[in-house]
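Residue numbering for the sequence shown follows my numbering, beginning at 41 and increasing consecutively.
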Amino acid sequence: MTMRVPMMNLYDETCFECSKLITKQYSTSFSLGIKTFDKNFRYPIYAIYGFVRYADEIVDTFHGYDQQQLISRFEQETFKAIKEGISTNPVIHSFQQVVNKYGIDHELIMAFLKSMQMDLDNKAHDKDSYQAYIYGSAEVIGLMCLRVFTNDEVLYQSLIPKARSLGAAFQKVNFLRDVKADYTERGRTYFPGIDFNNFTEQDKLAIEAEIKHDFDEAFEGIKRLPVGTRLGVYIAYIYYLQLFKKISYTPASVILQKRIRVSDARKMSLYIKAVLQQKLNVI
């Protein structure tokens, strides 16, 4: 990696601002959470989110284009940028800075991009591919963020299972929320052994039990995060927990027909409650 020069500062900041804009455009939930981080954590997390969001866009929405070629090129440009320490793609440039600064394991990036490639197959998952997909598409993102949050290797290693559980919970909730789009529009079936032509309440309850376990494990880890990051992660956690509760109260037949969401007003009330909990030191 080449030595950096002061003139790069404006370019670096502009690239991070691009990732920040992407986060704000795509996710009000994560944007609000990131705002509560200590300032030094914000740009790195925006960069991670911008990177994974754009990779996900390639496989989910760039229909009519050669998605396989696009995601392969995205992967090549990513690792080239990490090696050289620069990219003319603002999203990749900000991401490579975070990878190089915090020593993010390249295996995590490869696992993520492998899961994105899996989405192009549009196949039903078995147990092994389901676990591999969740690890690559969600758990590794939690681990990337955890590497940014912690400069204590012992703490990082001890929180790995909890960070993976949080990523898994988020992703599984997304699967349930997006069943209609994934199954009917994209031809994807993520949950192994589930026939969405005959999706029963028992099927839904079994999935929900799995998700609840992930949430419970994740919360234990959130309480041990550094103070400058804990509130932001907790906010994302309670947003998704609220979404999970709404899904839990919704019949299986309705899940197949519409996308469940949490209103902006409800998100704001959860945000205010979380801030108060932080001030009272009860998280």
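Note that CB positions come from ideal geometry on N, CA and C, so glycine has one too. Here the structure is a predicted model, which is why all the values come from computation and not from measurement.
Short Cβ contact (8 Å threshold) for residue i with residue j
i	j	result
GLU147	PRO201	no
ARG270	ILE262	yes
ARG217	ILE287	yes
THR76	ILE275	yes
TYR196	LEU206	no
LEU281	PHE189	no
THR63	TYR94	no
LYS21	ILE251	In the structure displayed, the chain extends from 41 to 323; residue 21 sits before or after that span and is not available.
GLN136	ALA121	yes
SER59	SER134	yes
PHE255	ALA209	yes
Proximal residues to residue i (C-beta, below 7 Å), its chain only, five neighbours per side dropped
i	result
LYS154	GLY176
VAL219	PHE236, ILE295 and LEU296
ALA305	none
GLN157	ILE111
ALA314	LEU271, TYR274, ILE275 and ILE278
LEU61	none
VAL194	none
Residues that DSSP places opposite residue i in a beta bridge
i	result
ALA164	THR229
Extent of the continuous alpha helix (DSSP H) run through residue i
i	result
THR101	79-101
ALA178	It is not in any alpha helix (DSSP H) - ALA178 carries neither H nor E in the DSSP assignment.
ASN140	130-142
ASP52	48-66
ALA151	146-159
TYR196	193-217
ALA221	No alpha helix (DSSP H) holds ALA221; DSSP gives it neither H nor E.
SER112	107-124
Same chain, Cβ closer than 8 Å to residue i, five either side skipped, listed in chain order
i	result
MET41	Summary for MET41: the model assigns pLDDT 49, below 50, so the residue's position carries little reliability, and this model does not support an answer.
ARG113	none
ARG204	TYR175, GLU179, GLY182 and LEU183
Sequence-distant residues of the same chain with beta carbon closer than 6 Å to residue i, five excluded per side
i	result
THR118	ILE132
LYS319	none
ASP243	ILE234
Inside the region 247-304 only - alpha helix (DSSP H) runs reaching at least 4 residues: 267-288 and 292-295
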